[in-house]
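In terms of the numbering used here, the sequence shown is residues 145 to 569. This report concerns only the one structure given below.
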Amino acid sequence: MPDVDILVVGAGAAGIAAARAAQTAGLSCRVLEARNRPGGRAYTDSTTLGAPFDLGATWLHAAHRNPLRPLAEAMGMAPFDHGPVRVSACFDGGRRIGEAEMASYDAAWEGFHTRLAALTPLPGESAGALAARAGFGQGYWDATVAHWEGPVICAAPLAEMDARDYLDTLLEPPDLLLAEGAGALLVRLARDLPITYGAVVERVEWGGPLVVAEGAFGRLRARAIIVTVPTSVLASGAIRFDPALPPETEEAIHDLPLGLLTKIGLRAAGEDRLGLPPFSGIERRVEREDEAAMTAIAWPFGHDHLMGFIGGPAAWSLGAEGPEAVVAFALEELSRNFGARAAAAIRRRGALVSDWGRDPYSLGAYSHARPGRSAARGILARPLAGGRLCFAGEACHVTLAATLGGAWESGTLAVGHALLASAGG
Ligand SMILES: Cc1cc2nc3c(=O)[nH]c(=O)nc-3n(C[C@H](O)[C@H](O)[C@H](O)COP(=O)(O)OP(=O)(O)OC[C@H]3O[C@@H](n4cnc5c(N)ncnc54)[C@H](O)[C@@H]3O)c2cc1C
145 MPDVDILVVG AGAAGIAAAR AAQTAGLSCR VLEARNRPGG RAYTDSTTLG
195 APFDLGATWL HAAHRNPLRP LAEAMGMAPF DHGPVRVSAC FDGGRRIGEA
245 EMASYDAAWE GFHTRLAALT PLPGESAGAL AARAGFGQGY WDATVAHWEG
295 PVICAAPLAE MDARDYLDTL LEPPDLLLAE GAGALLVRLA RDLPITYGAV
345 VERVEWGGPL VVAEGAFGRL RARAIIVTVP TSVLASGAIR FDPALPPETE
395 EAIHDLPLGL LTKIGLRAAG EDRLGLPPFS GIERRVERED EAAMTAIAWP
445 FGHDHLMGFI GGPAAWSLGA EGPEAVVAFA LEELSRNFGA RAAAAIRRRG
495 ALVSDWGRDP YSLGAYSHAR PGRSAARGIL ARPLAGGRLC FAGEACHVTL
545 AATLGGAWES GTLAVGHALL ASAGG
């Protein structure tokens, strides 16, 4: 006899959605979570900066089609669109640019998207190659736009990701913020679910009529199992599958690596707010897409902290040096833009720095498809053994990949597949 109908590995957005859908379908379920908290790559620290700060997922992207928006609203949260109040403080060589330069920067963004959308990606083409074919790259602001589109937004250089997948997973506004934090939303959604914390799954048996999850917690049997751990963790071999996964599934896992985005929370030292209203964007022009740089949002919700972002190769190399190196770099970046005023306005101590790249349960921030491998997401999402083994999570979503909303939908969908196995289908 099985211990439960469905086992879910991981209590991030996908695992929480799966557990809720299983309960709604009247199935018994157990979620096995390695960490001692729910939320996975969404985690809100509410104490260090004296206000909520998301170390991982921050926005509800593509809010008109994001399943988490209505859920947040139903719980009395008020997702906030800061787009209309956002002021951009953009610097070039230490000088804040004026309106005319801002207009040419905006035009470069617009040109990037319209020119790429007008082309059909060639087989195996990277997003970087597509951009070059679209004639993008020589303009004064082009490297800055590419820096945003690659390392900052997608957490990896455009040359490392598939062009088709890049276009399919573009996210339209509005992007909404939660004052309580996106991690706090997931904690609420996980409340009362049957989750065992500190349960690291090391082995999954899926060859027989029942599936088995094994770890230091023991052995649990179920009719179906939904595995939601990040593809980077799966690729590391942290979970052994018996029998081995089909080659196409294994290949799909390796073709969806995670890039890295590091978040930094820096607090004001006194009353100086650098002349910026809440939700101002801080950014600077870069010479190369892969140049190390920090973008930031100032004083979200009027709090006295900046929310900084470093993405792509710079995030990996600074992360390897440790949080002090990240903070030192962030302060250098601010000094570059604001001069000596930054050192006086921002505290060096008590900063918050995320470390998703070295965290063994994430090993990165979110996935992109390697060039030529846009099909990998669909392949990974395909149920195995009649639904007895399903993969879910952000990497499995073909349009909302890399997001909370995509992870949520893929977790819900996997329960539909697992239901077939559970019913003996
Ligand atoms: C810095 C950063 C910023 C981001 N910004 C945004 C944003 O603004 N908006 C947005 O929508 N998304 C954002 N994302 C992406 C978003 O966080 C993810 O897409 C989403 O949280 C993934 O959910 P998931 O359920 O697929 O995976 P996860 O949240 O990673 O959940 C998987 C779970 O599996 C657990 N696990 C791992 N190994 C094992 C094991 N062996 N046994 C048991 N459990 C295990 C993990 O601990 C984890 O809880 C961001 C991510 C990062 C890191």
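The beta carbon of each residue, even a glycine, is placed where N, CA and C say it ideally should be.
Please report the distance separating the alpha-carbon of residue i from that of residue j.
| i | j | result |
| --- | --- | --- |
| A525 | E304 | 22 Å |
| A201 | D189 | 12 Å |
| W203 | H449 | 17 Å |
| E346 | A382 | 6 Å |
| A565 | T264 | 39 Å |
| E394 | A519 | 13 Å |
| E468 | L475 | 11 Å |
| A546 | R480 | 31 Å |
| R429 | G194 | 32 Å |
| R335 | I397 | 30 Å |
| E358 | G403 | 29 Å |
| L528 | G351 | 10 Å |
| D286 | W253 | 8 Å |
| S627 | G555 | Any property of residue 627 remains undetermined from this structure, which presents the chain solely from 145 to 569. |
| P211 | P182 | 18 Å |
| G569 | H541 | With a pLDDT of 49 at G569, under the threshold of 50, the modelled position of this residue cannot be trusted; read the value that follows with caution. Whole-angstrom Cα-Cα distance: 24 Å. |
| V497 | G508 | 14 Å |
| A486 | L478 | 6 Å |
| G255 | R514 | 25 Å |
| L405 | F385 | 29 Å |
| L260 | A273 | 10 Å |
| A206 | M145 | 43 Å |
| A462 | T192 | What sits at residue 462 in the sequence shown is Leu, not Ala. In a straight line, the C-alpha of L462 is about 22 Å away from that of T192. |
| L400 | A459 | 18 Å |
| D306 | L364 | 38 Å |
| L171 | A495 | 44 Å |
| V471 | G409 | 9 Å |
| G283 | G425 | 22 Å |
| G537 | V377 | 12 Å |
| V231 | P353 | 58 Å |
| R240 | G483 | 11 Å |
| A442 | A300 | 24 Å |
| R185 | M221 | 20 Å |
| F445 | A328 | 16 Å |
| G362 | L330 | 27 Å |
| D434 | S511 | 18 Å |
With DSSP as the reference, please indicate the residues paired to residue i in a beta bridge.
| i | result |
| --- | --- |
| H449 | R411 |
| R428 | F235 |
| R347 | E358 and R384 |
| V153 | L176 and V371 |
| T188 | D198 |
| W203 | L321 |
| I339 | V175 |
| F224 | L321 |
| V148 | A366 |
| R240 | F235 |
| D306 | S270 |
| V497 | I408 |
Looking at the unbroken beta strand (DSSP E) that takes in residue i, where does it start and where does it end?
| i | result |
| --- | --- |
| V289 | No beta strand (DSSP E) holds V289; the alpha helix (DSSP H) holding it covers D286 to H291. |
| F423 | Looking at the DSSP string, F423 is not in any beta strand (DSSP E), and its letter there is neither H nor E. |
| G359 | V355 to G359 |
| A513 | Element bounds for A513: n/a, residue is neither H nor E. |
| A442 | T439 to A442 |
If you follow the alpha helix (DSSP H) that residue i is in, where does it begin and where does it stop?
| i | result |
| --- | --- |
| V249 | The question names Val, but residue 249 is Tyr in the sequence shown. Looking at the DSSP string, the run of the alpha helix (DSSP H) that includes Y249 is E243 to A261. |
| I160 | A157 to T168 |
| E217 | L212 to A218 |
| G555 | L548 to S566 |
| I490 | Neither: I490 is in no alpha helix (DSSP H) and is coded neither H nor E. |
| V542 | Where V542 is concerned, there is no enclosing alpha helix (DSSP H), given that its DSSP letter is neither H nor E. |
| F535 | From DSSP, F535 is part of no alpha helix (DSSP H) but of the beta strand (DSSP E) over L533 to F535. |
| Y505 | No alpha helix (DSSP H) holds Y505; DSSP gives it neither H nor E. |
| I297 | Counting along the chain, I297 falls outside any alpha helix (DSSP H), and DSSP gives it neither H nor E. |
| A121 | Absent from the model: residue 121. The displayed extent of the chain is 145 to 569, so no value can be given. |
| A276 | A271 to R277 |
Original post:
Quick one: complete alpha helix (DSSP H) runs, 4+ long, within the segment 366-406?
Top reply: 375-379 and 391-398
Original post:
How do the segment 309-319 and the segment 407-422 stand: do at least 3 beta-carbon pairs fall below 8 Å, yes or no?
Top reply: no
Original post:
Between the segment 291-308 and the segment 233-252, do at least 3 Cβ pairs fall closer than 8 Å?
Top reply: no
Original post:
Do the segment 168-181 and the segment 342-360 make contact, defined as three or more Cβ pairs closer than 8 Å?
Top reply: yes
Subject >> Three CB pairs or more closer than 8 Å across the segment 554-561 and the segment 149-163 >> reply: yes
Original post:
Three or more C-beta pairs closer than 8 Å, one from the segment 366-375 and one from the segment 156-171: is that the case here?
Top reply: yes
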